[in-house]
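Residue numbers (the working numbering): 23 to 148.
Reviewing the structure listed below.
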């Protein structure tokens with residue numbers, strides 16, 4: 023009796039379509055594989071288009087750190103930057119702590135902005 027080898031299927035990443043204004047993390051794959059620095063960037067999607075020769079959907083981005091245009095980015099080397107991840111520190115800030123040092127700078131900034139907009143003050147701790 024022969025033993026069958028388990029069949030494994032390659033992991034398939036679901037195809038993501040990005041919209042204008044979406045924030046993404048993207049990797050310059052050539053720089054990455056050559057071991058060069060500065061291969062990963064945060065970008066904002068400006069537009070999408072289809073390459074007429076390959077039929078592949080590509081994106082034009084603005085690299086946020088230097089406001090530099092990047093054209094023809096392959097979405098296989100892009101990942102979405104979800105708002106929930108960016109806002110996690112604010113959403114989980116220990117607002118009941120009397121010491122604001124226990125909060126991250128982003129949480130403190132959000133709290134200050136919120137208080138200015140509402141013209142209210144934090145309750146006094148007794």
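Think of the CB as a built atom: it goes at the ideal place given N, C-alpha and C, for glycine as much as any other residue.
Restricting to Cα atoms, I'd like to know which of the options is closest to residue i.
i          : options            : result
residue 40 : 108, 130, 137, 100 : 100
residue 87 : 133, 38, 46        : 46
residue 72 : 56, 89, 93         : 93
residue 42 : 131, 108, 51, 70   : 70
Pull up the distance between the alpha-carbon of residue i and that of residue j, whole angstroms please.
i           : j           : result
residue 62  : residue 137 : 36 Å
residue 113 : residue 76  : 43 Å
residue 51  : residue 107 : 24 Å
residue 134 : residue 56  : 45 Å
Between which residues of its own chain and residue i is the CB-CB distance below 6 Å, once the five residues before and five after are set aside?
i           : result
residue 126 : 111
Identify, in the order they occur along the chain, each residue of the same chain with its Cβ nearer than 7 Å to the Cβ of residue i, setting aside the five sequence neighbours on each side.
i          : result
residue 49 : 61, 62, 99
residue 38 : 97, 102
Is it true that the CB of residue j sits closer than 8 Å to the CB of residue i?
i           : j           : result
residue 83  : residue 68  : yes
residue 104 : residue 44  : no
residue 129 : residue 115 : yes
Taking 8 Å as the limit between beta carbons, can you name the residues of its chain near residue i, skipping five residues before and five after?
i          : result
residue 95 : 48, 65, 80, 81, 82, 83
residue 54 : 61, 62
residue 91 : 68, 82, 83, 84, 85
residue 78 : 72, 96
residue 89 : none
Name the one or two DSSP bridge partners that residue i has.
i           : result
residue 67  : 83
residue 54  : DSSP lists no partner for residue 54.
residue 100 : 48
residue 91  : 84
residue 62  : 49
residue 72  : 79
Should residue i be counted as a contact of the ligand FAD given a C-beta to heavy atom distance under 7 Å?
i          : result
residue 78 : In terms of ligand content, the structure shown is empty, and the ligand FAD therefore cannot be addressed.
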